[in-house]
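J.: Here it is: the structure, laid out below.
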Amino acid sequence: MTVAPPPSSKNSTGTDNPQGGTPTSASEWTTTFMHIAEQSQKLVADFLQRQQSSFETKPNELGAYSPKPGIGMGDPLNIGKAFMEMAGQMMSDPSKVVEAQFALWQDYMQLWQNTTQRMMGAEVGDLVAPTKEDKRFKDAAWNENLIFDYIKQSYLLTARWLKANVQSVEGLDDKTARKVEFYTRQFVDAMAPSNFVMTNPEVLRATVESGGENLLKGLKNLLDDLEKGKGQLSISMTDDAAFGLGKNLAMTPGKVIFQNRLIQLIQYDPATEKVHRTPIMIIPPWINKYYILDLQAKNSMVKWMVDQGYTVFMISWINPDNSLAQTEFEDYMFEGTLAAMTAVAEATDEGQIQIMGYCLGGTLLSCTLAYLEELAKSKQKPAKPVGKLPRVEAVTFLTTMIDFAESGELSVFIDEEQLTSLEERMNRDGYLEGSDMAKTFNLLRANDLIWSFVVNNYLLGKDPFPFDLLYWNSDSTRMPAKMHSFYLRKMYQSNLLRQPGGISLGGVPIDLGLIKTPSLFVSTKEDHIAPWKSTYIGTQLLGRKPEFILASSGHIAGVVNPPAAKKYMHWINSDLPVDSESWFNSAKPVEGSWWPEWDRFSTSHGGEMVPARTPGSGKLKALEDAPGSFVKVKS
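Numbering (the numbering used here), first residue to last: 118 to 752.
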């Protein structure tokens, strides 16, 4: 897509514009915006012409059309129903509505008085101010310019009033109330003055300085993102061309030594002459790709583990298409966890293993352990052949939920109406599209993961900054329809995993209370996907007392926190009271990464040091170089 150059930067006298391209007269501004309008029209026309051939007008082999309606995993019609219920409850007591309106009017009057006093030279503090974490109003003009300061405070007052009134509505069930509060916040965030050209001082300044070229470049970025999303907006968060798997991401050397229809198993090259006898296998979530734990050398947990003398194996999940539509949750256990455990034992010729499960990978790990314990207890044989399994010496659960009673804001998307709607969408394609999952997670942090990029890319006309973490975040994966439906209904909706016999896998009812394996839970304090107080409940469900570490920051940054970075902190406490707040109140704060604490735990179960193992030198030969081919499949 090409863009014509801007009009000449000469002023009305024909000399060079001293502002370096910024119009200096009314006639130049007119010429500039006529040029922008003309180029904008060409961009849109060019975009529409290309889309005539790229939009799907026929159903695929499963009868699906694209693009499909929906807000991530949500159902727009269900959202409207929740707000209708709220409106009905509010109108049942009109006096409260009038009282709330009067309170808002009083706040506006006070704001107007404060602004008037500032105009007269008085020093007046803000009536309302953004939080320290709110980056939308960081430009100096939001505080120094009276108009923009008034716009900012007016918005913050209205936002505070709206959210407070929604939260105070009585008579709503918990799920409806949570849904209304969540989508009210989405509306409030979307209407921020920072998201619009005429009420964002930084955007206005850029428009003046560039002669409006930022808006033209922003339109091009917008249309490019629409084209990338095949008609749906797929916001670019980073420079995709700046990264490549095996080039500057997922760089830790190793070999794929096992493969079936669901996984590739990577064994990493040793970095030390001696290694712990017990190998370590990592089960990442199949909602995302595994290389979040192997980004670049400076922040790769895999490389750090190898450097500490561990033999590390990583499961790399397939990015499923509709041929795996009927794949079940238990298939991920048999052909994922159990198959990989057998392969590790065969590759190392060892009879023991340590396992780390991250997020959904940890949930699967808990299911697998409980399944194996039930088989041992009842002396049953597995429903499917799994080979000779190693003994599990110790396990680590990273940000793992095994009790879903308080699943945070993700519960907004989990009710019967929305699950039914989601299943209809998944059944059309045979999977949940990766972009739908990504949009859902992005909504949980809309200001950081949506609106900041809208301003940067479309209003300021800038290209997104190269950032490895955001590249990974945009590299989404699909979810098989049958497996995902089981996971959402059995665990998120019904919370059956915590109940003995609540879930059966391979024909075996499982009980988490049977798990006696030494375990370590690691959670993160600001986790918006697996809230730490929910993950903490898991410590009370196993048959053996685990250890628990709480790291600061969120679901990703709190986990991917190498010691060399000297960032964040963590809390430790050997006591495990039932109440999570009691645990935290008596926990010891420790500066820096939690990784060394994990190393202490794993070393105690790692066995003696033995000569390092080279991938492919054992019974399983190398199939291809890491990172393998499965992880490179795009959605």
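Glycine is no exception: its CB is placed at the ideal position from the N, C-alpha and C atoms.
Give the DSSP-derived three-state secondary structure of L653 in the structure shown.
T.: This sequence places Tyr at residue 653; Leu is not what is there. In this structure, Y653 counts as helix in the three-state DSSP scheme.
J.: Helix or strand or just coil, what does DSSP make of A598?
T.: Helix.
J.: Do L244 and L228 have their beta-carbon atoms positioned less than 8 Å apart in this structure?
T.: Closer than 8 Å, so yes.
J.: Is V625 closer than 8 Å to A668 when the C-beta atoms are compared?
T.: For A668 and V625, no; Cβs fall outside 8 Å.
J.: Is DSSP giving F375 helix, strand or coil here?
T.: F375: strand per DSSP, three-state reduction.
J.: I need the DSSP call for T731, collapsed to helix, strand or coil.
T.: T731: coil per DSSP, three-state reduction.
J.: Ordered along the chain, which non-local residues of its own chain (more than five positions away) have a Cβ less than 6 Å from that of L561?
T.: Around L561: E526, H645.
J.: Would you kindly report the start and end of the unbroken beta strand (DSSP E) that includes M398?
T.: Where M398 is concerned, the enclosing beta strand (DSSP E) stretches over 397 to 400.
J.: Does the beta-carbon distance from Q469 to P507 come in below 8 Å?
T.: Yes. Within cutoff.
J.: Can you look up E698 in the DSSP assignment and give me helix, strand or coil?
T.: E698: helix per DSSP, three-state reduction.
J.: In three-state DSSP terms, what is A511?
T.: Note: A511 maps to strand in three-state DSSP.
J.: Compare the C-alpha of V106 against each of P732, V750, G329 and name the closest.
T.: Because the chain in this structure spans residues 118 to 752, residue 106 falls outside the shown range and cannot be described.
J.: Tell me, please, whether the region 737 to 744 touches the region 374 to 388 by the rule of three or more beta-carbon pairs shorter than 8 Å.
T.: As far as the Cβ criterion goes, the region 737 to 744 touches the region 374 to 388, which means the pair count is three or higher.
J.: Check whether the region 392 to 400 and the region 722 to 730 touch, using three or more Cβ-Cβ pairs below 8 Å as the test.
T.: Yes, since at least three Cβ pairs between the region 392 to 400 and the region 722 to 730 fall closer than 8 Å, the two stretches touch.
J.: Determine the direct distance from the alpha carbon of V707 to that of N690, and round the result to whole angstroms.
T.: Rounded to the nearest angstrom, the two C-alpha atoms are 11 Å apart.
J.: In this structure, does DSSP put G335 in helix, strand or coil?
T.: Correct three-state label for G335: helix.
J.: Work out the CA separation of I374 and K738 for me, nearest whole Å.
T.: One C-alpha to the other measures close to 6 Å.
J.: Grab me the residues of L605's own chain with a C-beta within less than 8 Å of its C-beta, minus the 5 sequence neighbours each way, in chain order.
T.: These residues qualify, in order along the chain: I531, L536, L539.
J.: Which word fits M237, buried or exposed, when buried means at least 16 other C-beta atoms lie within 10 angstroms of its C-beta?
T.: By the neighbour-count rule (16 or more Cβ atoms within 10 Å), M237 is not buried but exposed.
J.: Suppose the cutoff is 7 Å on Cβ atoms and the five residues either side in sequence are ignored; what does the same chain contact list for Q443 look like?
T.: Around Q443: K599.
J.: Output the distance between the C-alpha atoms of L577 and A359, rounded to the nearest integer angstrom.
T.: Cα to Cα, L577 sits roughly 21 Å from A359.
J.: What does the alpha-carbon distance come out to for the pair L740 and S433?
T.: Distance between the alpha carbons of L740 and S433 is about 14 Å.
J.: Strictly by DSSP, which residues pair up with G474?
T.: G474 pairs with I400, F514.
J.: Taking only three categories from DSSP, how would you classify S327?
T.: It is helical.
J.: In chain order, what residues of the same chain lie with their CB nearer than 7 Å to the CB of E550, ignoring the 5 residues before and after it?
T.: Taken in chain order, the residues that qualify are R595, S752.
J.: Straight-line CA distance for G346 to P581?
T.: Approximately 17 Å between the Cα atoms of the pair.
J.: Would you mind sorting T233 into buried or exposed? The rule is 16 or more other CB atoms within 10 Å of its CB.
T.: So T233 ends up on the exposed side.
J.: Hey, could you find the ends of the alpha helix (DSSP H) K296 is sitting in?
T.: 291 to 307 is the span of the alpha helix (DSSP H), which, as asked, contains K296.
J.: For P310, which three-state DSSP category applies?
T.: The answer is helix: DSSP assigns P310 an H, G or I state.
J.: Return the chain-ordered list of same chain residues with a C-beta closer than 6 Å to the C-beta of E299, the five sequence neighbours on each side being excluded.
T.: The amino acid occupying residue 299 in the given sequence is Phe; Glu does not appear at that position. So the list reads E526, V529, once near-sequence residues are dropped.
J.: Between which two residues does the alpha helix (DSSP H) containing P713 stretch?
T.: From DSSP, the alpha helix (DSSP H) with P713 extends over 712 to 720.
J.: Short check: CB of N574 to CB of N338, under 8 Å?
T.: Yes, the Cβ-Cβ distance between N574 and N338 is below 8 Å.
J.: Within the continuous beta strand (DSSP E) that includes K556, where are the two ends?
T.: Run containing K556: none in the beta strand (DSSP E); it sits in the alpha helix (DSSP H), 551 to 560.
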